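The next block holds one structure in the form of structure tokens; read it before the comments.
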Amino acid sequence: MKGEAVATKKGFHPIDGMRDWWADAPQWQRYGVYIALLVFALILPAPAIGQFMSPDADWTGVLVYPVGTYILLAVGLNIVVGHAGMLDLGFVAFFAIGAYTFAYFGTKHGWSFWGTLVVGIFLAALSGVILGAPTLRLRGDYLAIVTLGFGEIVRITANNTDEIGGARGITNIPHPEPVFGMEFILDAAPYYYLMVGAITLVIIFSVRLHRSRVGRAWAAIREDEDAAELMGVPTFKFKLLAFAIGAMIGGFAGGIHASRAVFIQPETFPFILSATILAAVVLGGAGNLPGVIFGAFVIGWLPERFRFLSEYRILAFGAVLVLMMALRPEGLLPSRQRKAELREGTGGMGAMGGEVAGPDSDSTAAEVGTK
Amino acid sequence: MLQELQNQFLPSTISGLVIGSIYALVALGYTMVYGVLRLINFAHSEIFMIGTIASLVTLTAIAPAGALSGIAMIGVLLLLVLIASVVSGGAAVLLEQIAYRPLRKKGATRLAALISAIGASLFLQELFGLEVINWLTGKPGRNQQSAPRFVDRDTVFSIGNANIRTDQILVVVSAVIMMVILDQLVSRTRIGRGIRATAQDPEAAVLMGVSIDKIVRITFLLGGAMAGAAAALYVMEIENTNYRIGFVLGIKAFTAAVLGGIGNLRGALLGGIVLGLVETWSAIFLGSQWNDVTAFVILVLVLMFRPTGILGESLQRARA
Chain Y
23 MKGEAVATKK
33 GFHPIDGMRD
43 WWADAPQWQR
53 YGVYIALLVF
63 ALILPAPAIG
73 QFMSPDADWT
83 GVLVYPVGTY
93 ILLAVGLNIV
103 VGHAGMLDLG
113 FVAFFAIGAY
123 TFAYFGTKHG
133 WSFWGTLVVG
143 IFLAALSGVI
153 LGAPTLRLRG
163 DYLAIVTLGF
173 GEIVRITANN
183 TDEIGGARGI
193 TNIPHPEPVF
203 GMEFILDAAP
213 YYYLMVGAIT
223 LVIIFSVRLH
233 RSRVGRAWAA
243 IREDEDAAEL
253 MGVPTFKFKL
263 LAFAIGAMIG
273 GFAGGIHASR
283 AVFIQPETFP
293 FILSATILAA
303 VVLGGAGNLP
313 GVIFGAFVIG
323 WLPERFRFLS
333 EYRILAFGAV
343 LVLMMALRPE
353 GLLPSRQRKA
363 ELREGTGGMG
373 AMGGEVAGPD
383 SDSTAAEVGT
393 K
Chain Z
3 MLQELQNQFL
13 PSTISGLVIG
23 SIYALVALGY
33 TMVYGVLRLI
43 NFAHSEIFMI
53 GTIASLVTLT
63 AIAPAGALSG
73 IAMIGVLLLL
83 VLIASVVSGG
93 AAVLLEQIAY
103 RPLRKKGATR
113 LAALISAIGA
123 SLFLQELFGL
133 EVINWLTGKP
143 GRNQQSAPRF
153 VDRDTVFSIG
163 NANIRTDQIL
173 VVVSAVIMMV
183 ILDQLVSRTR
193 IGRGIRATAQ
203 DPEAAVLMGV
213 SIDKIVRITF
223 LLGGAMAGAA
233 AALYVMEIEN
243 TNYRIGFVLG
253 IKAFTAAVLG
263 GIGNLRGALL
273 GGIVLGLVET
283 WSAIFLGSQW
293 NDVTAFVILV
303 LVLMFRPTGI
313 LGESLQRARA
């Protein structure tokens, strides 16, 4: 949740201390923090905060899209990239599948939002399995390019299929039916609360998974797939599971986005969105949920805050990505485990091959070098 | 359908070879950097884009009066390739210096380097779209930029119903020459040995007196130069470009590299040609709007049966 992200923003060094405190905190303190975060999330759309955070656009709207949507997607992608260590460059495909499912059944058959949401999540998971089953034998960069290809296939197929509007897309997507007397209209507030609910749900789901047997299997696969296989972890099954769960969350976000946006078209789901979400995950610190959420918040919010840069926003965004990676390659809030891996020089996903492990390597290279 | 196939098969094969050679040249840059650093250099597509802009500006500056032929045509093409290669090679070295070297020094994960690459790619694209193209050409940077034609498009000879034009021969022949030069460079020279050694085992290479930094810089320089040459050929053949041209071409080229076996120079050639052919052939049946889809489906199929690409992964084993 946003609250959690902002609460940990204060400084980088006290964070380890905070983690120690958190690890030993009794249950009532933990629940206190949860409630505080939830209250914070609920008052976040207040205009006073919005004036500073987003002077040029409707703050609640910004909190729904891009911020909230990015957070939801980043939590989903974090399961694939951060937990299971698979590089997915086509995550936007699942977002698109969720959105199109809702848009199609909502406009053509008048299905209810809540029912269609389940169908959309199911279809996204199914497409995750369909993509994953033949390709998850591949590793690292091969998987990356195949997923990238999948993202493009989905977009091009949507573009060339008239049944779902082709390049024109789908308009007049219905809003969700009211719940608890809360009407979903063009106003962003109900969507914001829906988003907070969705994010909370997904966070609980993700944390429970991470701490379960499944999460440990993912960690084993991420660290060393061969070793995991030898120790009896059915790696393929768990990789497929991670992929499908990531896809489900992507589809979930897609359904919500479609009904909020009222209009979608293939260009709503470009490759750059996959890259942006991946950037959010890595920037925040892959594998560490508060970090990922914070990263998604920053990535979603910064371009809105700097709207006055108008067309230079994306240029600045690119420069910030390069700069952030140069300064903190392990992410803003790395998980402790990943940080330790980095210190060893192996770093989970594998260090860049041209680098010789250890901090002294460049001096070695210079001394022995042929310069 | 069969009639159509019969009519279009040979012409499609020719245009597939032409576009495939361009994919292959760009793929070399991905494959070399991957071989040495195990890194997908995502911003390589922008290096290609910069090359097309450099060619365009050069071409406009020379302002050839219509289509040339003979020595003048070859001369202009050589100049174009030279300038684009220098500009792209320089840009690639600069990119490595700014976006990858600091990460390498910190022993960062390849994932971090990938994000840095995506950032650099966005930055360069926007920089050119907003400022550079406008500044160089005086035309709005977001628009499609068209290049003057300088190669006559006469039919040189025909095979069956396929007419083979001068420009098509030039693209394929130039691409093959560039690739042979690179292949020889990597397999025969001292620098090439350094590159292969680093690709095989960076730690041992350092102990044997190889300067990794220097090798990485040379790798980026060579890859960038190849992308520049491809860009010059592209501008000659397609006759237009824009600031976002890199994305689609970059994806295709990377697909070609993976298809052939990434890290393998000859694999890049094979992958590029196969991809070009498959694309143009499939366009006969499905229409060209499905080109990218077939390309990726083929990729998935090949990887399912040969997970390391057609020729396998081996820059270190690239021998003459």
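As you go down the protein sequences, you meet chains Y and Z in turn.
Counted from 1, the first sequence has number 388 at position 366 by our numbering; the numbering is strictly sequential.
Counted from 1, the second sequence has number 298 at position 296 by our numbering; the numbering is strictly sequential.
We treat Cβ as the ideally placed atom computed from N, Cα and C, and that holds for glycine.
Remember, predicted model here, so these are calculated numbers, not experimental data.
Does the distance from the C-beta atom of residue i to that of residue j stay below 7 Å?
| i | j | result |
| --- | --- | --- |
| Ser-90 (chain Z) | Gly-230 (chain Z) | yes |
| Thr-168 (chain Z) | Val-178 (chain Z) | no |
| Ile-243 (chain Y) | Ala-106 (chain Y) | yes |
| Ala-255 (chain Z) | Glu-281 (chain Z) | no |
| Tyr-214 (chain Y) | Leu-85 (chain Y) | yes |
| Tyr-126 (chain Y) | Ile-175 (chain Y) | no |
| Val-28 (chain Z) | Leu-223 (chain Z) | no |
| Ser-118 (chain Z) | Met-347 (chain Y) | yes |
| Ile-207 (chain Y) | Gly-128 (chain Y) | no |
| Gly-317 (chain Y) | Gly-309 (chain Y) | no |
| Gly-248 (chain Z) | Glu-6 (chain Z) | no |
| Ala-234 (chain Z) | Ala-86 (chain Z) | yes |
| Leu-138 (chain Z) | Val-59 (chain Z) | yes |
| Gly-143 (chain Z) | Tyr-245 (chain Z) | yes |
Quick one: list the residues of chain Y neighbouring residue i, beta-carbon separation under 7 Å, in chain order.
| i | result |
| --- | --- |
| Glu-128 (chain Z) | Ile-336, Leu-337 and Gly-340 |
| Pro-309 (chain Z) | Arg-159, Leu-160 and Tyr-164 |
| Lys-141 (chain Z) | What Lys-141 (chain Z) touches in chain Y: nothing, since even the nearest Cβ is about 17 Å away. |
| Lys-108 (chain Z) | Pro-351 |
| Phe-256 (chain Z) | Ile-167 |
Buried or exposed: which applies to residue i, given that a residue is buried once 16 or more other Cβ atoms fall within 10 Å of its Cβ?
| i | result |
| --- | --- |
| Asn-163 (chain Z) | exposed |
| Phe-159 (chain Z) | exposed |
| Gln-127 (chain Z) | buried |
| Leu-300 (chain Y) | buried |
| His-131 (chain Y) | exposed |
| Met-3 (chain Z) | exposed |
| Met-371 (chain Y) | For Met-371 (chain Y), the predicted structure reports a pLDDT of 46, less than 50, and the residue's modelled location is therefore unreliable. A value from the coordinates is still provided. Flag for Met-371 (chain Y) reads buried. |
| Lys-24 (chain Y) | Interpretation of Lys-24 (chain Y) is limited by its pLDDT of 43, a score under 50 that renders its predicted location unreliable; no figure is taken from the coordinates. |
| Arg-2 (chain Z) | This structure gives no information on residue 2 (chain Z), because the portion of chain Z shown stretches from 3 to 322. |
| Pro-88 (chain Y) | buried |
| Gln-147 (chain Z) | buried |
| Arg-40 (chain Z) | buried |
| Gly-369 (chain Y) | Legend: pLDDT at Gly-369 (chain Y) = 40, less than 50; position of this residue unreliable, no value from coordinates given. |
| Arg-198 (chain Z) | buried |
| Phe-339 (chain Y) | buried |
| Leu-16 (chain Y) | Examination of residue 16 (chain Y) is not possible in this model, given that chain Y is present from 23 through 393 alone. |
Please list, in chain order, the chain Y residues whose beta carbon lies closer than 8 Å to that of residue i.
| i | result |
| --- | --- |
| Met-306 (chain Z) | Pro-156, Thr-157 and Arg-159 |
| Trp-292 (chain Z) | Ile-178 and Asn-182 |
| Val-260 (chain Z) | Asp-163, Tyr-164 and Ile-167 |
What separation, rounded to the nearest whole angstrom, lies between the Cα atoms of residue i and residue j?
| i | j | result |
| --- | --- | --- |
| Arg-335 (chain Y) | Arg-327 (chain Y) | 10 Å |
| Pro-198 (chain Y) | Ala-210 (chain Y) | 13 Å |
| Lys-259 (chain Y) | Phe-124 (chain Y) | 29 Å |
| Val-20 (chain Z) | Pro-13 (chain Z) | 11 Å |
| Gly-263 (chain Z) | Glu-247 (chain Y) | 22 Å |
| Arg-308 (chain Z) | Leu-209 (chain Z) | 34 Å |
| Leu-305 (chain Z) | Val-188 (chain Z) | 26 Å |
| Val-295 (chain Z) | Ala-269 (chain Y) | 20 Å |
| Tyr-25 (chain Z) | Leu-279 (chain Z) | 11 Å |
| Ala-79 (chain Y) | Gly-272 (chain Y) | 25 Å |
| Arg-41 (chain Y) | Gly-314 (chain Z) | 46 Å |
| Ile-76 (chain Z) | Ser-23 (chain Z) | 18 Å |
| Ile-119 (chain Y) | Thr-157 (chain Z) | 47 Å |
| Asp-203 (chain Z) | Asp-185 (chain Z) | 20 Å |
| Ala-266 (chain Y) | Val-140 (chain Y) | 14 Å |
| Gly-367 (chain Y) | Leu-343 (chain Y) | Summary for Gly-367 (chain Y): the model assigns pLDDT 49, below 50, so the residue's position carries little reliability; its value from the coordinates is reported in the next sentence. Whole-angstrom Cα-Cα distance: 22 Å. |
| Ile-16 (chain Z) | Pro-325 (chain Y) | 46 Å |
| Asn-100 (chain Y) | Pro-351 (chain Y) | 17 Å |
What residues from chain Z crowd round residue i, counting only those whose CB sits closer than 9 Å?
| i | result |
| --- | --- |
| Met-108 (chain Y) | By Cβ distance, chain Z contributes nothing, its closest Cβ being about 11 Å from Met-108 (chain Y), past 9 Å. |
| Pro-356 (chain Y) | Residues of chain Z passing the Cβ test: none, with the nearest at roughly 10 Å. |
| Met-217 (chain Y) | Ordered by position in chain Z, no residue passes the 9 Å Cβ test against Met-217 (chain Y), which lies about 25 Å from the chain. |
Under 8 Å between beta-carbons, which chain Z residues line up against residue i? List them in chain order, please.
| i | result |
| --- | --- |
| Val-168 (chain Y) | Phe-298, Leu-301, Val-302 and Leu-305 |
| Ile-175 (chain Y) | Asp-294, Val-295, Phe-298 and Val-299 |
| Val-344 (chain Y) | Ile-100, Ala-101, Ser-118, Gly-121, Ala-122 and Phe-125 |
Assuming residue i and residue j make a contact with CB atoms under 8 Å, what is their CB distance in whole Å?
| i | j | result |
| --- | --- | --- |
| Ala-259 (chain Z) | Ala-270 (chain Z) | 5 Å |
| Gly-154 (chain Y) | Leu-262 (chain Y) | 5 Å |
| Val-38 (chain Z) | Thr-191 (chain Z) | Incorrect: roughly 15 Å between the Cβ atoms, too far for contact. |
| Asp-163 (chain Y) | Ile-42 (chain Z) | 6 Å |
| Ala-93 (chain Z) | Gly-226 (chain Z) | 6 Å |
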